[in-house]
Every structure is written in C-alpha cells, then in structure tokens.
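Quick note, the sequences are listed as chains R and E, same order.
Under the working numbering, the first residue of the first sequence carries the number 12, and numbering increases by one thereafter.
Under the working numbering, the first residue of the second sequence carries the number 12, and numbering increases by one thereafter.
2 protein chains.
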Amino acid sequence: MELPVLTVGQFDLIYNGFSLAIASMGAAFIFFMIGRSQVAPKYRPALLVSGLVVAIAAYHYFRIFESWGAAYQLDAAMGQYVPSGEAFNDAYRYIDWLLTVPLLLVEAVAVLALSRQQSGSLIARLSIAAVLMIALGYPGEITDSNTARFWWGLLSSVPFVYILWVLWGELGNALERQPEQVRVLVRNLRLLLLFTWGVYPIAYMAPFFGLTGAGAVVGIQVGYTIADILAKAGFGVLIYGIAREKTRADGEDPLEAPSTAAAAAS
Amino acid sequence: MELPVLTVGQFDLIYNGFSLAIASMGAAFIFFMIGRSQVAPKYRPALLVSGLVVAIAAYHYFRIFESWGAAYQLDAAMGQYVPSGEAFNDAYRYIDWLLTVPLLLVEAVAVLALSRQQSGSLIARLSIAAVLMIALGYPGEITDSNTARFWWGLLSSVPFVYILWVLWGELGNALERQPEQVRVLVRNLRLLLLFTWGVYPIAYMAPFFGLTGAGAVVGIQVGYTIADILAKAGFGVLIYGIAREKTRADGEDPLEAPSTAAAAAS
Numbered sequence: 012m013e014l015p016v017l018t019v020g021q022f023d024l025i026y027n028g029f030s031l032a033i034a035s036m037g038a039a040f041i042f043f044m045i046g047r048s049q050v051a052p053k054y055r056p057a058l059l060v061s062g063l064v065v066a067i068a069a070y071h072y073f074r075i076f077e078s079w080g081a082a083y084q085l086d087a088a089m090g091q092y093v094p095s096g097e098a099f100n101d102a103y104r105y106i107d108w109l110l111t112v113p114l115l116l117v118e119a120v121a122v123l124a125l126s127r128q129q130s131g132s133l134i135a136r137l138s139i140a141a142v143l144m145i146a147l148g149y150p151g152e153i154t155d156s157n158t159a160r161f162w163w164g165l166l167s168s169v170p171f172v173y174i175l176w177v178l179w180g181e182l183g184n185a186l187e188r189q190p191e192q193v194r195v196l197v198r199n200l201r202l203l204l205l206f207t208w209g210v211y212p213i214a215y216m217a218p219f220f221g222l223t224g225a226g227a228v229v230g231i232q233v234g235y236t237i238a239d240i241l242a243k244a245g246f247g248v249l250i251y252g253i254a255r256e257k258t259r260a261d262g263e264d265p266l267e268a269p270s271t272a273a274a275a276a277s
Numbered sequence: 012m013e014l015p016v017l018t019v020g021q022f023d024l025i026y027n028g029f030s031l032a033i034a035s036m037g038a039a040f041i042f043f044m045i046g047r048s049q050v051a052p053k054y055r056p057a058l059l060v061s062g063l064v065v066a067i068a069a070y071h072y073f074r075i076f077e078s079w080g081a082a083y084q085l086d087a088a089m090g091q092y093v094p095s096g097e098a099f100n101d102a103y104r105y106i107d108w109l110l111t112v113p114l115l116l117v118e119a120v121a122v123l124a125l126s127r128q129q130s131g132s133l134i135a136r137l138s139i140a141a142v143l144m145i146a147l148g149y150p151g152e153i154t155d156s157n158t159a160r161f162w163w164g165l166l167s168s169v170p171f172v173y174i175l176w177v178l179w180g181e182l183g184n185a186l187e188r189q190p191e192q193v194r195v196l197v198r199n200l201r202l203l204l205l206f207t208w209g210v211y212p213i214a215y216m217a218p219f220f221g222l223t224g225a226g227a228v229v230g231i232q233v234g235y236t237i238a239d240i241l242a243k244a245g246f247g248v249l250i251y252g253i254a255r256e257k258t259r260a261d262g263e264d265p266l267e268a269p270s271t272a273a274a275a276a277s
C-alpha cells in the first residue's frame, strides 16, 4: 500500500500503539510463564501455548515498530511525517498470524482438558482451517485489484466460518460437562474471539469502501493493534481465568496449599 | 512540549535518572520473581503482578532513555545540549501508566488475599477508575491551552479521588481482620501511594505556575522518575513485606522450613 503523508499526531498514535503492543505482549508472556505454577498441572500446557502466542507477537511488534520508524521521516519545516522511501513491511502481521492463530485455537482446546481423542481431532481440524484462512487472505491483501481482493477474501472466509461452526457447534456439546462458572468464561472467550477476529475482515475490506489516505492507515493500523492485544494477551488472560476456575473446581489449588513442603508431607 | 537548551549538568541529571530507573526496575523484577518462593503460595500472585509492573516500567524507561538521547545533541563549542529536532516521546509515560497503574492496584488487593467476591469487585472498580484517570489526563498533557489542561486535569481527578476513597474507606473495613503488623504495613503502603501519586498532579500543573524552560524540564523529568521508582519498585517491596508478614502470621513460612526434604519427612 502507498504510504500517505501523516501529521505528527497520526504518526505518533500508530508508533505508540506498536510500543503499547510490545509492552503488553511482553508482560503477558511473563504472566503466562510464571502463572503456570498457579494452576493445576493439567492446565499448564494451555498457559504455555498462551505464552508462545504473545512471545511470537512481541517479536513481530518489535519488527513492525522498527519498520514503521524507518518508513517515515519528520519534515520539520512542514511539521509532518513523509514517507522515507523505505517500505513498511506489513507482511510481519501475516507471518505472525500464520503462527499464532492456530496456537490460539490450540490453547482454547487445551484449557478444556478434554479426552485425548476429542482434543486431537479438534486441534487438527481447527489448525488446518486457521492456516488456510491466513494463507488464502494474503494474496488478496497484497493485490491492487479489488476484484482479486474480493475473491481471495471470500475463499478465506470459508475456513473462518468453519472455525466458528466448530467452536459454537461441536465445542458446545463438550462444554455441557463443564462446571457452570467455566461455561460462562468459555462463552466470554468465544465472544471475545468473535469480536476481535471480526476486526480483521473489516480492515481487510477497507479498500472496497474507498478508505485510503491518512485516516484509513491510522484506522487500519490502530484497529489491528488493539484487536491483536485483545485477541492474544486478553484471550490468554481469559484462558488463565478458566484454568484457575477449573483448578478450584477440581479441588487441587496450588495457591491454597499451605506451602510446597507441607503439601508434599500431607 | 518545546525542548529548551540545557547545560551539560542538566542534561546528564535527567539522562542518568532514566538509567537509574532502568537499573532499579530491572533489579526489582528479579527480586519479585525469585522472591515469590519466599512467601506462602496464596501471596505469590501479588508478587507476580509486582514483577509485571516493574518489567513494563523497565521497558518504557529503556525507550524513554533512548528517546532522550536522540532528542538532544551536544554543542561542544558552547558547552551545552541543544534540541536535535527529533521529538522527545513523552507519551511512553502515559502508555506505561495505562498498563501499570491498574496493575499496582491489583497487586495491593491481591496481597490481602480477601474472598474472591471482595477481590473481584475491588479489582474491577479500581482498574476501571485507574484507566479513566490516565486516559482523561492525557488530552490535557499534550494541549498547549492552559484552560483545556485545567478541565482535563479536573476530570482526571474524579476517578483519582474515587480510588483514594475506595482504598481508605472500603479497604479499611477489610483490614480489620488482618494481623496488627499487617495493618501497619498496609497503612504505610497507602501513604506511599498517596505521596508518590501526589507528585504526578503537581508535575501536571507545572505550566499553571509559569514553570517553563530548562528548570521546569529538569524538575518534571527528575520528579516523575523518582516518583515512578518509589511508586513501582518501592511499592512492590512493601507488598513483599506484607506478604512475608502474612506468611509468618499464617505459620507456614517456607524460609523457616529446615529443608523441603526434612519438611516432607515430618
């Protein structure tokens, strides 16, 4: 995409948004890694995967932050930021999604601690659908033709709808055996996923609505950033909440144990 | 804000203050993470959150340090530092506060290990108030109009007063069931919070007092830095002290156990 001239405020909003994402993803990584010890052992794989997602995202936001800084230079006389000629590498987002979106679905399935057979089948089908969704969207993202963008976007929606169908249909049955508190949290988890993932197709279709120029760039970059923070760090915090709730329901809370030593003695 | 010409001493004082903050926050992070094992399991989430706060602050002080270095260049002939033309990105402070201030309130509530219902309600209300306080302050910080600064500052004070009211009023009742030693520490914690947080509105109002130029920049930057170190690393050390006191009072001190093996055998 052609980079427009930006006001200092517009450039800074995007720049600071990328920095916010680095800080959020980095802090979330520490939280999920250390927080593993605060849930029962069987939910720890889910927190480990949550940590992988935000670590990958922190790396990519660091790259995006650097690329954004290099793509512009301040025109002090005019008081605005002009493209430096160096490209802003938006592909980092797609590489990030290719790795993190399947992992997000793995963490959602892992925290339910279903039977091995159920989990295995769900993870395989959801991961393949996620990879197809990202891979089919990318050719449409980089094309200049709105027609090509439309058809790739439509193809990419097929696995997206399949993922929603699995999460709402099949997962619904598996949820009936979960405690009431957990069912509420899983419902929130699915709603968070629906609302945050809903941002991506809207940003994708921006060129159809004739949205170009500075306003569109700010809207798309800030929108993607907020959606990523909520869909990765926020999603992981909900996964942690579900793991804590199930740990309590299972009656094996490591935070309630008098101490590690005393617990070992009992 | 327009950057003034600084003497070498003024520039260095701010620069070295930022470096002090990076070292303090980094060391505090290590202390809280390893120190988790020195308190009873139920207080470990509070120390984990203390660690997240100083990790986020260390990241932002690293960025602030880099931005400060880039915003000035030494005029060797005149023996002073002159603005390089590159902006000093003060927004890092607000992004930092947006993440860390709600977390600071979470760590204060978490260390009390209240009932789930009490904690949940306190955390939700305090976090929302903290985000509102920061978000309403920012438009006033970046405006050049003293009138706008006054009104945004006043709006931002409403959630600030609400937070103080919750910490002194409601939390006071919850404290009555805590041991005497803990009550003293929590009183100190609230006083530290009041005095350090009191620095921010004073720095915010500097333009009202006609404070501009080199002296004001030094005062504001050094003041914010000292307040941040005390309000984050210092606050976390007090949280650790409360967690240790409560661990002793609960009679399950991991530091008193002869060794894990011996405790397991008893």
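All C-beta atoms in this analysis are idealised placements derived from N, C-alpha and C, irrespective of residue type, glycine included.
Everything numeric in this text was worked out from a predicted model, so none of it was measured.
Partner residues on chain R for residue i, Cβ-Cβ distance less than 8 Å
{"i": "lysine 53(E)", "result": "Leu266, Glu267"}
{"i": "glycine 62(E)", "result": "Ile41, Ile45"}
{"i": "leucine 133(E)", "result": "Correct list: empty, because the minimum Cβ distance to chain R is about 17 Å."}
{"i": "leucine 14(E)", "result": "Per Cβ cutoff of 8 Å: no residues; leucine 14(E) is ~13 Å from chain R at best."}
Expected contact under 8 Å - CB spacing of residue i and residue j to nearest Å
{"i": "alanine 57(R)", "j": "glutamate 118(R)", "result": "5 Å"}
{"i": "valine 169(R)", "j": "alanine 121(R)", "result": "Incorrect: roughly 25 Å between the Cβ atoms, too far for contact."}
{"i": "phenylalanine 76(E)", "j": "leucine 14(E)", "result": "Actually they are not in contact, since the Cβ atoms of phenylalanine 76(E) and leucine 14(E) sit about 16 Å apart, beyond 8 Å."}
{"i": "isoleucine 250(R)", "j": "serine 35(R)", "result": "About 16 Å; that fails the 8 Å criterion."}
{"i": "threonine 111(R)", "j": "valine 64(R)", "result": "5 Å"}
{"i": "methionine 216(R)", "j": "glycine 148(R)", "result": "Methionine 216(R) to glycine 148(R), Cβ: 11 Å. No contact."}
{"i": "tyrosine 103(E)", "j": "arginine 74(E)", "result": "5 Å"}
{"i": "leucine 116(E)", "j": "leucine 137(E)", "result": "4 Å"}
{"i": "phenylalanine 28(E)", "j": "phenylalanine 43(E)", "result": "One detail in the question is off: residue 28(E) reads as glycine in this sequence, not phenylalanine. So it is not a contact: roughly 22 Å between Cβ atoms."}
{"i": "arginine 55(E)", "j": "leucine 266(R)", "result": "7 Å"}
{"i": "leucine 200(E)", "j": "isoleucine 253(E)", "result": "7 Å"}
{"i": "alanine 39(R)", "j": "glycine 230(R)", "result": "Contact doesn't hold; Cβ gap of about 25 Å is too wide."}
Residues that residue i contacts on chain E, provided the C-beta gap is smaller than 8 Å
{"i": "alanine 34(R)", "result": "Ile67, Tyr70, His71, Ile106, Asp107, Leu110"}
{"i": "leucine 31(R)", "result": "Ile106, Leu109, Leu110"}
{"i": "glutamine 128(R)", "result": "The contacting residues do not exist; glutamine 128(R) stays about 34 Å from chain E at best."}
Chain E contact residues for residue i, given Cβ-Cβ distances below 9 Å
{"i": "aspartate 23(R)", "result": "Ala98, Asn100, Ala102"}
{"i": "glycine 37(R)", "result": "Ala66, Ile67, Tyr70"}
Under 7 Å from the C-beta of residue i: neighbouring residues of chain R
{"i": "alanine 74(E)", "result": "Note that residue 74(E) corresponds to arginine in the displayed sequence, not to alanine. Chain R residues near arginine 74(E): Ser30."}
{"i": "leucine 147(E)", "result": "Ordered by position in chain R, no residue passes the 7 Å Cβ test against leucine 147(E), which lies about 17 Å from the chain."}
Residues that residue i contacts on chain E, provided the C-beta gap is smaller than 7 Å
{"i": "alanine 27(R)", "result": "Sequence check: residue 27(R) is asparagine here, not alanine. Those within 7 Å of asparagine 27(R) in chain E are Ala102, Ile106."}
Listed by chain order, chain R residues near residue i by CB distance under 9 Å
{"i": "proline 56(E)", "result": "Gly46, Gln49, Leu266"}
{"i": "leucine 137(E)", "result": "The premise fails here: leucine 137(E) is roughly 17 Å from chain R at the closest Cβ pair, so nothing lies under 9 Å."}
{"i": "leucine 143(E)", "result": "Neighbours of leucine 143(E) on chain R: none; closest Cβ ~17 Å, over 9 Å."}
Residue i CB to nearest heavy atom of the ligand HEM below 6 Å
{"i": "alanine 87(R)", "result": "What this structure holds is no ligand at all, so the ligand HEM is not there to describe."}
- Query: Can you list, in chain order, the residues of the stretch 82-115 of chain R whose Cβ is nearer than 9 Å to any Cβ on chain E?
  - Reply: Leu85, Ala87
- the stretch 171-183 of chain E / the stretch 127-141 of chain E touching (three or more Cβ pairs under 8 Å): yes
- Message: So if I threshold CB-CB distances at 9 Å, which residues from the stretch 167-185 of chain E count as touching chain R?
- Response: none
- Item | Contained alpha helix (DSSP H) runs [length at least 4] in the stretch 79-162 of chain E, N- to C-terminal order | For the stretch 79-162 of chain E, whole alpha helix (DSSP H) runs of length 4 or above, ordered along the chain, are 102-121, 127-153.
- Task: Just list the alpha helix (DSSP H) runs in the stretch 184-217 of chain E, keeping only unbroken ones of 4 residues or longer that don't cross its boundaries, in chain order.
- Result: Runs of the alpha helix (DSSP H) inside the stretch 184-217 of chain E: 191-215.
- Message: Using a Cβ-Cβ cutoff of 9 Å, what residues of the stretch 189-212 of chain R are near chain E? List them in chain order.
- Response: If the cut-off is 9 Å between Cβ atoms, the stretch 189-212 of chain R has nothing near chain E.
- Message: Counting beta carbon pairs with one atom in the stretch 68-87 of chain E and one in the stretch 46-57 of chain E, are three or more of them shorter than 8 Å?
- Response: no
- Query: Listed in chain order, which residues of the stretch 243-266 of chain R have Cβ atoms closer than 8 Å to some Cβ of chain E?
  - Reply: Pro265, Leu266
- Counting Cβ pairs, one atom from each stretch, are 3 or more of them under 8 Å apart for the stretch 82-95 of chain R and the stretch 15-24 of chain R? Three or more Cβ pairs drawn from the stretch 82-95 of chain R and the stretch 15-24 of chain R lie within less than 8 Å of each other, which places the two stretches in contact.
- Below 8 Å between beta carbons is the criterion; list the residues of the stretch 223-238 of chain R that meet it against any residue of chain E, in chain order. Residues passing the 8 Å Cβ filter: none.
- Cβ contact (3+ pairs, closer than 8 Å) linking the stretch 138-149 of chain E and the stretch 158-169 of chain E: yes
- Item | Three or more C-beta pairs below 8 Å linking the stretch 204-218 of chain E and the stretch 250-264 of chain E | no
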